[in-house]
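> Here it is, the structure in full.
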Amino acid sequence: MQTVTRSVFHPHVESYEQVNRDSMRLLTKPGKGYVALLAMAVSLVGLLVFAELHNIIYGLGMVGENWAVLITTFVFWVGIGHAGTLISAILYLFRAPWRQAIYRFAEAMTVFAVLTAALFPLLHIGRPWFFYWLLPLPSQRGIWPNFRSPLLWDVFAVTTYLTVSSVFFYIGLIPDIAAARDATTDPMRKRIYGVLALGWRGTDREWRHFTRAYLFLAALATPLVLSVHSVVSWDFAVSIVPGWHTTIFAPYFVAGAILSGVAMVVTLMVPVHRIFRLGAYFTPLHYDRLAKLLLLTSCIVGYAYGMEYFMAYYSGELYERDVFWDRVTGDYWWAGWSMITFNAILPQLLWIKKIRQNLNAFFLITIFVNIGMWYERFVIIAPSLSHSYEPWKFWNIHMTWVDASLLLGSFGWFFMWFLLFLRFLPGLSIAEIKEVLPPPMRHAGAHHQAHDEHEMTTETLPTGYREREVR
């Protein structure tokens, strides 16, 4: 009696050789489209550098009032970064069989988004060459940073999370870097991959230590994500500014981070899927699971929106009510309704199976969610700063060309690193995809027999395999 198994999530991947071939194809000489996208991203980075030099020469008065756009963009990228590792780590701990193809993109997105977010505290301090003043380093005068400052909390939060997520990302890459080392013929790449692979040979002892280390890092990263993004939310919640002084911010920010992160993963996956023809790895089942996760987090965020408005009404505080009315009927109605529409209403279309399985429609929804999540952070920050307790301070926050340049430049910085990652490191998890594939057949006719039996499968196991006993 023989048991034939097949992975439900990769039914069109026939062999280990196909996984190697498709993964290494991403590392070959790029086409004109890739070069054009990279040039566009680098141009946006140049725009960011130009705007920051303008800030340094003429002062931070060149950005909008209260640095609202800088703070908004910082929180946006922190949220994007937190979701990637959370998605990868939680799916790994629960042994979700559909994570193998997508988790590398999520982890890479995490590292590059946190690197992007780290730019904004530096831009915010005005004199970025004195960034080390924010670090808890003793000086000759015995001056220490103010540990009660939320800006210092952000330094600790971002640094801690960048360290853990980078190690988590790199540890998972080691077996695949070793595969790239063995496959490449470029002497320079072989030398670099050899250093990065840390002498990996794929022995049983190495795999045992690797799986344990990866498990421990996944278990560490999951609560770290929740705590770090909660710290970012407390930057606002500990103040007495109307609209900020609330206990809902910690779970609210975490749910919003997962929503924006899932949307960004899909936004990155679909173009790579289309350009590099990776339909065998990014299957409709993967997109269906991601759509359901996006729908779940959208419902949680929509509930948080409703609770915010209810508690503002129930509190009976005049200034609190005015800030929330300003978000939907006042000067910021355009941002408030964009936030509600894109994050809470539009994703409800994913209840419809035809829309959920339509890749173009799903991709378009994720684009709107990304826009809506930036508006969410703007709606949290701008109305509260412009409508505080003292009426003589009331004003409307307007985006300047410097704000717009820094915002666009941050996207260029993020996409530049992601495009370089696709060019130089394995974008697909070679080792983990092979784990869910059937082992190579010894006899020539066994492959066709297994394929015929695969068409007859009737039972799907919880691990994502299909199984049928063949007599």
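Just so you know, we're using the working numbering here: the sequence shown kicks off at 1172 and counts up by one.
A virtual CB, placed ideally from N, CA and C, is assigned to each residue, including glycine.
If you're wondering where the values come from, they're calculated on a predicted model, not measured in any experiment.
1. Work out the CA separation of Phe1340 and Pro1721 for me, nearest whole Å.
2. In angstroms, rounded to a whole number, what distance separates the CA positions of Thr1500 and Phe1407?
3. Between Val1433 and Thr1468, which are expected to be in contact by the criterion C-beta below 8 Å, what is the C-beta distance as a whole number of angstroms?
4. Please check the pair Leu1218 and Leu1579, which I expect to be a contact at CB under 8 Å, by giving their CB distance rounded to whole angstroms.
5. Suppose you measure from the CA of Pro1182 to the CA of Pro1609; what does that come to, to the nearest Å?
6. Under the criterion of a Cβ to heavy atom distance below 7 Å, does Tyr1385 qualify as lining the ligand NAD?
7. Between Thr1287 and Thr1256, which are expected to be in contact by the criterion C-beta below 8 Å, what is the C-beta distance as a whole number of angstroms?
8. State the Cα-Cα distance for the pair Ala1389 and Arg1362, rounded to the nearest angstrom.
9. If you draw a straight line from the C-alpha of Lys1203 to the C-alpha of Ala1428, how long is it?
10. Please list, in chain order, all residues of the same chain as Ile1542 whose beta carbon is under 8 Å from its beta carbon, the five residues on each side excluded.
11. What number of angstroms, rounded off, separates the C-alpha of Ile1342 from the C-alpha of Ala1368?
12. With burial defined as no fewer than 16 other Cβ atoms inside 10 Å of the residue's Cβ, what is the status of Glu1188: buried or exposed?
13. Count the other CB atoms within 10 Å of the CB of Phe1586; is the residue buried (16 or more) or exposed (fewer)?
14. Please determine, among Thr1355, Ala1349, Gly1507 and Ala1354, the residue with the shortest C-alpha to C-alpha distance to Gly1370.
15. Measure how close the beta-carbons of Ala1462 and Ala1426 come, nearest whole angstrom, since I'm counting them as under 8 Å.
16. Could you pull out every unbroken alpha helix (DSSP H) segment of at least 4 residues lying fully inside the stretch 1381-1458, listed in chain order?
17. CA-CA distance, Met1233 and Ser1576?
18. Grab the span of the alpha helix (DSSP H) containing Trp1584 for me, first residue to last.
19. Buried or exposed: where does Thr1418 fall if 16 or more other Cβ atoms within 10 Å of its Cβ makes it buried?
20. Using DSSP with H/G/I as helix, E/B as strand and the rest coil, what is Glu1488?
21. Less than 8 Å between the C-beta atoms of Phe1276 and Leu1439, yes or no?
22. Which whole runs of the alpha helix (DSSP H) in the stretch 1276-1357 are 4 residues long or more, in chain order?
23. What whole-angstrom Cβ distance do Gly1313 and Ala1284 have, given they're in contact under 8 Å?
24. Can you confirm whether Leu1305, when its beta carbon is compared against all beta carbons of chain C, has any partner nearer than 8 Å?
25. Specify the secondary structure class of Arg1372 as computed by DSSP and reduced to three states.
26. Output yes or no for whether 8 Å exceeds the beta carbon distance between Gly1365 and Arg1352.
27. Which residues bound the alpha helix (DSSP H) around His1225?
With the structure as the only source:
1. Residue 1721 is absent from the structure shown; the chain starts at 1172 and stops at 1642.
2. Residue 1500 sits at position 329 when you count from the first residue of the sequence shown. Residue 1407 sits at position 236 when you count from the first residue of the sequence shown. The alpha-carbon atoms of Thr1500 and Phe1407 are separated by roughly 23 Å.
3. Counting from one through the sequence shown, the residue named residue 1433 turns up at place 262. Counting from one through the sequence shown, the residue named residue 1468 turns up at place 297. That pair is a contact at about 7 Å.
4. Within the sequence shown, the letter at position 47 stands for residue 1218. Within the sequence shown, the letter at position 408 stands for residue 1579. 6 Å between Cβ atoms; contact.
5. Taking the sequence shown and counting its residues from 1, one reaches residue 1182 at position 11. Taking the sequence shown and counting its residues from 1, one reaches residue 1609 at position 438. In a straight line, the C-alpha of Pro1182 is about 10 Å away from that of Pro1609.
6. For the ligand NAD, the structure offers nothing, since it holds no ligand at all.
7. The residue you call residue 1287 lines up with position 116 of the sequence shown. The residue you call residue 1256 lines up with position 85 of the sequence shown. Incorrect: roughly 15 Å between the Cβ atoms, too far for contact.
8. Numbered from its first residue, the sequence shown carries residue 1389 at position 218. Numbered from its first residue, the sequence shown carries residue 1362 at position 191. Each residue's Cα considered, the two are about 29 Å apart.
9. Against the sequence shown, residue 1203 aligns to sequence position 32. Against the sequence shown, residue 1428 aligns to sequence position 257. Lys1203 and Ala1428: Cα-Cα distance of roughly 34 Å.
10. Counting from 1 along the sequence shown, the entry for residue 1542 is found at position 371. Taken in chain order, the residues that qualify are Ser1509 and Phe1513.
11. Translated into the one-based positions of the sequence shown, residue 1342 becomes position 171. Translated into the one-based positions of the sequence shown, residue 1368 becomes position 197. When rounded, the distance between both Cα atoms is 10 Å.
12. Position 17 of the sequence shown, counted from the first residue, corresponds to residue 1188. The Cβ neighbour count for Glu1188, taken over all protein chains shown within 10 Å, is under 16; the residue is labelled exposed.
13. Taking the first residue of the sequence shown as 1, we reach residue 1586 at position 415. With 16 or more Cβ atoms within 10 Å of its Cβ, Phe1586 is classed as buried.
14. Indexing the sequence shown from 1 puts residue 1370 at position 199. Gly1370 has its Cα closest to that of Ala1349, out of Thr1355, Ala1349, Gly1507 and Ala1354.
15. Walking along the sequence shown from the start, residue 1462 turns up at place 291. Walking along the sequence shown from the start, residue 1426 turns up at place 255. Ala1462 to Ala1426, Cβ: 17 Å. No contact.
16. List check, alpha helix (DSSP H) in window: 1420-1446.
17. Against the sequence shown, residue 1233 aligns to sequence position 62. Against the sequence shown, residue 1576 aligns to sequence position 405. Taking the straight line joining both Cα atoms gives about 12 Å.
18. In the sequence shown, the residue the question calls residue 1584 occupies position 413. Unbroken alpha helix (DSSP H) run through Trp1584: Trp1572 to Phe1595.
19. Locating residue 1418 in the sequence shown gives position 247, counting from the first residue. Counting Cβ neighbours within 10 Å, Thr1418 comes out exposed, since fewer than 16 surround it.
20. Locating residue 1488 in the sequence shown gives position 317, counting from the first residue. Residue state, collapsed to three classes: coil.
21. Taking the first residue of the sequence shown as position 1, residue 1276 is located at position 105. Taking the first residue of the sequence shown as position 1, residue 1439 is located at position 268. It is a contact, given that the beta carbons lie within the stated cut-off.
22. 1321-1354
23. For this step, residue 1313 is matched to residue 142 along the sequence shown. For this step, residue 1284 is matched to residue 113 along the sequence shown. Contact between Gly1313 and Ala1284 does not hold, since their C-beta atoms are separated by about 37 Å, which reaches or exceeds 8 Å.
24. Structure shown: chain C not included; a single protein chain is present.
25. Within the sequence shown, numbered from 1, the residue matching residue 1372 stands at position 201. In the three-state reduction of the DSSP assignment, Arg1372 falls in the coil class.
26. As a working note, residue 1365 is residue 194 in the sequence shown. As a working note, residue 1352 is residue 181 in the sequence shown. Yes; because the gap between Cβ atoms is below 8 Å, this pair is in contact.
27. Working through the sequence shown from its first residue, we reach residue 1225 at position 54. Lys1203 to Tyr1229 is the span of the alpha helix (DSSP H), which, as asked, contains His1225.
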